[in-house]
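Structure first, then comments.
Residue numbers (UniProt numbering): 1 to 514.
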């Protein structure tokens, strides 16, 4: 009997800019460069999609299959474009709940010695967010007891979302900035697309549809959490997202610190008096020339990516000449980070996603997960014209983040229902109901914000294999799919799936804004 497959691939998605992850593991080695080299796993980061249900995870591999040749021939191109990092698989841990995510951040902040880097769309203003800020204040206070404080705290947030209202992300962080000016940095990314009359005329909240900073990376010394979750109370309590914790992975942490720092360099800098200005020599995102800002920002960010890619390539070449030492923890997992910042002309996520979906063959199953089901025309064509099977997990109306919102925003769940029904009808028209399955996430009093991609085949299942306690054996995909139901024709006949005529008419005009 063939051994059960224990492989997965996870890709985490954020938008404009975004990060995503693909975790892949192979039984022998990736990029075989020397006969003496031990087997390794692969952990790939890229801004993509993902999830899976339990059934495919139970499939098996042919006895004795190593997967090296097939994986190398199909995916080696990714390492030619992005940095590749090796880490021990045992240092990669999936967090399953908002509270686990929140408690992990607090615990790591309290023990941080050299750096805390927080990149998010925004920081909320409630008691839980204040508790998080208080943890940082305590950590900064402890660092000053050494008379030569080494701890640096850096925030990267979106300017428009972080400035919304009188009490906002900026006012939450001002006390720290005022008390620890030498140790504290707050950068507010402003899209170059929001400028001139558009910036003057588009009201608050609506200006966030033009383009925002959407990185979600939380770094503490050499540990890192990659997630789709923002720093807000619902993401700490009852808003389901995805969270991957990398413990003590210095090279990966250094890269993300440099990347977030680069985006921060091209962002507005918050001052202790709540004013903002650009760093000296930097082009202003909405007052300066747009082409100049885009070129300089792209150059600064891609410098980090390309420098890391060359450095890691050289390190891998050096390591390939030296056999692994006995008794050491094997670096059996690969990490490939990708960046997506379309206004700046950076399309790594998009390029990799398209190629991965295009090359997924008839022996593959692709799992897509999104809290907001709104495929672009390109991705829709890829899914409908693909040979691979697809399993798509999306939010039911009641767990959509806009459910129950006031005004026009309250109709957004209806727009997603309309888009899902249109897609489902196309699937049925093409007779692909058995190849493309849609699932809806349900959970009373919760909302759904998870995003990602999973790709499996008869030969391999991309992800990382990590030995964990029995309480954590249940995979991330299984946890999410346990709370879902499969979509059918009857789904759209339910009373809560009624879509008003005006929503149907408006959706094609505004679908690119949400």
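Ideal Cβ placement from N, Cα and C applies to all residues, glycine included.
**Item:** Presumed contact (8 Å Cβ cut-off) between residue 530 and residue 177, rounded CB distance
**Value:** With the chain running from 1 to 514 in the structure shown, residue 530 is simply not present.
**Asked** Quick one: what does DSSP say residue 164 is sitting in, helix, strand or coil?
**Response** Annotated three-state conformation of residue 164 is coil, per DSSP.
**Prompt:** How would you label residue 167, buried or exposed, when you count the other beta carbons within 10 angstroms and need 16 or more for buried?
**Reply:** exposed
**Asked** Near residue 237, which residues of its chain fall below 6 Å by C-beta distance, leaving aside the five closest residues on each side in sequence?
**Response** Taking residue 237 as the centre and dropping the five residues before and after it, the same chain places the C-beta of 98 closer than 6 Å to its C-beta, in chain order.
**Asked** Residues in its own chain within less than 6 Å of residue 251 by CB, not counting five upstream and five downstream?
**Response** Excluding residues within five positions, the ones whose Cβ falls inside 6 Å are 85.
**Item:** Own chain partners of residue 120 with C-beta closer than 7 Å, once the 5 adjacent residues on each side are dropped
**Value:** 157, 216, 230, 231
**Message:** When you compare the CB of residue 342 with every CB in chain B, is at least one pair closer than 7 Å?
**Reply:** The structure shown contains no chain B; it holds only a single protein chain.
**Item:** residue 452, DSSP secondary structure in three states
**Value:** Here residue 452 sits in strand by DSSP.
**Prompt:** Can you tell me the Cα-Cα spacing of residue 357 and residue 235, whole angstroms?
**Reply:** 30 Å
**Terminal residues of the alpha helix (DSSP H) in which residue 298 lies** = 290-319
**Delimiting residues of the beta strand (DSSP E) encompassing residue 234** = No beta strand (DSSP E) holds residue 234; the alpha helix (DSSP H) holding it covers 233-237.
**Request:** Locate the beta strand (DSSP E) running through residue 269, then write down its first and last residues.
**Result:** In this chain, the beta strand (DSSP E) harbouring residue 269 covers 268-270.
**Message:** Applying the 10 Å Cβ sphere with the 16-neighbour rule, what's the burial state of residue 414?
**Reply:** buried
**Prompt:** When the Cα atoms are used, what is the spatial distance from residue 162 to residue 123?
**Reply:** 7 Å
**Prompt:** Roughly how many angstroms lie between the CA atoms of residue 125 and residue 169, to the nearest whole one?
**Reply:** 7 Å
**Request:** With a cut-off of 8 Å on the beta carbons, I'd call residue 253 and residue 227 a contact; round off their distance for me.
**Result:** That pair is no contact at about 15 Å.
**Item:** Contacting residues, own chain, Cβ-Cβ under 6 Å from residue 209 (five flanking each side not counted)
**Value:** 513
**Prompt:** If we count the other Cβ atoms within 10 Å of its Cβ and call it buried at 16 or more, is residue 110 buried or exposed?
**Reply:** exposed
**Span separating the alpha-carbon of residue 315 from that of residue 436** = 42 Å
**Item:** Limits of the alpha helix (DSSP H) - the one that residue 519 falls within
**Value:** As shown, the chain starts at 1 and ends at 514. That puts residue 519 outside it, with no answer to give.
**Message:** Applying the 10 Å Cβ sphere with the 16-neighbour rule, what's the burial state of residue 307?
**Reply:** With fewer than 16 other CB atoms across the displayed protein chains lying within 10 angstroms of its CB, residue 307 is exposed.
**Message:** Quick check: what's the CA-CA separation for residue 410 versus residue 403?
**Reply:** The straight-line gap separating the alpha-carbon atoms of residue 410 and residue 403 is approximately 6 Å.
**Request:** Just tell me which of 335, 80, 203 has its CA closest to the CA of residue 91.
**Result:** 335
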